[in-house]
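Read in order, the letters of the sequence shown are residues 271 to 620 in the numbering used here. Heads up, the beta-carbon is just placed ideally off N, CA and C, and yes, glycines get one too.
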Amino acid sequence: MDVVVIGAGPAGALAAGLLARAGLAVTMIDPRPEGFRIGEGLPPAARPLLHALGLLPLVRDALPGNGTLSAWGSDDLGVYDHIGEPYGHGWILDRARFDAGLRRWACEGGAVLRIARLVGAAHRGDEALELRLDDGTCMIAAFAIDASGRPAALANRLGATRTHVDALVATYARFRAGAPGELDTRILVEAAAYGWWYTVRVPTGERIVALLRDHEPGACSARAEFVQLLVRTRFIAATLAAGDYLPIEAPRGADARTGRLSHVFGDRWIAVGDAAFSVDPLSSQGLADALLTADAGAKAIVAARGGDPRGLPAYAERVERLYERYLEHRLATYARERRWPDEPFWLRRL
271 MDVVVIGAGP AGALAAGLLA RAGLAVTMID PRPEGFRIGE GLPPAARPLL HALGLLPLVR
331 DALPGNGTLS AWGSDDLGVY DHIGEPYGHG WILDRARFDA GLRRWACEGG AVLRIARLVG
391 AAHRGDEALE LRLDDGTCMI AAFAIDASGR PAALANRLGA TRTHVDALVA TYARFRAGAP
451 GELDTRILVE AAAYGWWYTV RVPTGERIVA LLRDHEPGAC SARAEFVQLL VRTRFIAATL
511 AAGDYLPIEA PRGADARTGR LSHVFGDRWI AVGDAAFSVD PLSSQGLADA LLTADAGAKA
571 IVAARGGDPR GLPAYAERVE RLYERYLEHR LATYARERRW PDEPFWLRRL
């Protein structure tokens, strides 16, 4: 096998599809491609890459992301639209559909999807990697891509470590409208003393509501507090009430920490997407960065297999630039909120 990709989310599927189309034998390993998940925003800056790769049809059924309503740094609601953006509007995705479309595109290009979980990895001499799966089989690959998300399942087994700069967690739930006719596709963000909220309507007609706050060891479960805190919000609660929205599931939790790997490539492996570095949902850059790193990582592998020693170091430098630019944006964005200067959540970010 030329390349084994650990993970079949957006980063893994895009990298697999690009490498398969470059003539390599590629297999994606995923324990179970996810259904519903958060991370539904794709910013306007992703348009050139989607266009260049012929992937714009994947967002044909998405809702236009026309901007943000934000109670951030002020008690009033500010409006930030995409008028004047050089690439036009962004998109609000049905992530299950978008991710499935990318996997289908990868398989149409020649990649194979195998349902299994990675349980072990080791170098096999200087020529290959040995990857053990939970079904008892072993795969030998000339190269491997870690696209397993924040756990970085492959990189951690091959000596990389992960560091985080915060303890952010997302608690989220889906809501179904009782009153038809809502058309607003803007993201609504509302800061609070203990963290911040967002809600957005997705193509299924549901609303996603998420609370972002720091994990506090020994504290009451964020899921237990989700409903209590939600009803005390000003703009989020009013939006749900206006559409007569009701929850359709219990709140779930997800890791939302900013973090990165100690190194994003090694001997015969490379990390892309959240496995390489993960971002705060406030940036709205997670999915776009996943696609950018997958594209750049696939090109780096092709270069490395062609004997170019500069491909992988150049990839690492690009990832470093993306991450540093994100950290600057994160710091500047949090610095704009000064209403609770003594609250732990905001102190940690200032």
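Residue i to residue j span [Cα, whole Å]
i: alanine 480; j: valine 382; result: 34 Å
i: proline 421; j: glycine 523; result: 15 Å
i: alanine 558; j: leucine 312; result: 6 Å
i: isoleucine 362; j: asparagine 336; result: 9 Å
i: arginine 471; j: glycine 451; result: 12 Å
i: leucine 333; j: alanine 392; result: 43 Å
i: leucine 552; j: alanine 285; result: 25 Å
i: phenylalanine 496; j: proline 521; result: 7 Å
i: alanine 290; j: aspartate 364; result: 26 Å
i: glycine 626; j: arginine 504; result: This structure leaves residue 626 out entirely; the chain is present only between 271 and 620.
i: alanine 443; j: glutamate 590; result: 33 Å
i: glutamate 378; j: leucine 401; result: 24 Å
i: aspartate 404; j: alanine 586; result: 30 Å
i: methionine 409; j: alanine 526; result: 32 Å
i: leucine 347; j: tyrosine 604; result: 17 Å
i: proline 614; j: glutamate 598; result: 21 Å
i: glycine 324; j: leucine 499; result: 43 Å
i: alanine 376; j: tyrosine 596; result: 28 Å
i: leucine 510; j: alanine 584; result: 47 Å
i: asparagine 474; j: alanine 440; result: The amino acid at residue 474 is misidentified as asparagine; the sequence shows threonine. For threonine 474 and alanine 440, the distance between alpha carbons rounds to 21 Å.
i: phenylalanine 368; j: leucine 320; result: 12 Å
i: alanine 292; j: aspartate 454; result: 41 Å
As assigned by DSSP and simplified to three states, the class of residue i
i: glycine 311; result: strand
i: tyrosine 515; result: coil
i: threonine 603; result: helix
i: leucine 453; result: coil
i: leucine 438; result: strand
i: glycine 282; result: helix
i: valine 470; result: strand
i: valine 534; result: coil
i: valine 501; result: coil
i: leucine 424; result: helix
i: leucine 620; result: coil
i: alanine 508; result: helix
i: alanine 494; result: helix
i: alanine 376; result: helix
i: arginine 387; result: coil
For residue i, the residue or residues it bridges with in DSSP
i: glycine 465; result: Ala462
i: histidine 393; result: Leu399
i: methionine 409; result: Leu401
i: alanine 524; result: Ala440
i: glycine 529; result: His434, Ser548
i: isoleucine 415; result: Val275, Ile540
i: glutamate 476; result: Arg446
i: aspartate 612; result: Note: aspartate 612 sits in no beta bridge, so no partner.
Residues near residue i in its chain [Cβ-Cβ closer than 8 Å; skip 5 each side]
i: threonine 433; result: Gly529, Arg530, Ser532
i: glycine 536; result: Ala425, Leu428, Gly429, Ala430
i: leucine 592; result: Phe547, Asp559, Leu562, Thr563
i: glutamate 519; result: Ala443, Arg444
6 Å Cβ shell around residue i - same chain, five flanking residues per side excluded
i: aspartate 272; result: Leu294, Ala295, Ala412
i: valine 435; result: Thr528
i: leucine 288; result: Ala568
i: leucine 601; result: none
i: leucine 582; result: Phe535, Ala570, Ala574
i: alanine 610; result: Before going further, note that residue 610 is tryptophan rather than alanine in the sequence given. Counting only Cβ-Cβ distances below 6 Å, and skipping sequence neighbours, we find Ala463, Trp616.
i: tryptophan 466; result: Leu482
i: valine 329; result: Trp361
i: glycine 371; result: Leu328
Beta-carbon contacts of residue i that lie in its chain and below 7 Å, excluding the five residues immediately before and after
i: alanine 449; result: Gly513, Asp514
i: alanine 278; result: Met298, Asp300, Pro303, Arg373, Leu383
i: isoleucine 478; result: Ile308, Glu310, Tyr442, Arg444, Thr469, Val470, Val472
i: leucine 388; result: Ile276, Ile299, Leu401, Leu403, Ala423, Leu424
Inset, instruction - Would you mind listing the alpha helix (DSSP H) stretches within the region 536-598 that are 4+ residues and don't spill past its ends, in chain order? - result: 556-575
Legend entry - Unbroken stretches of the alpha helix (DSSP H), 4 residues or longer, contained in the region 288-372: 317-322
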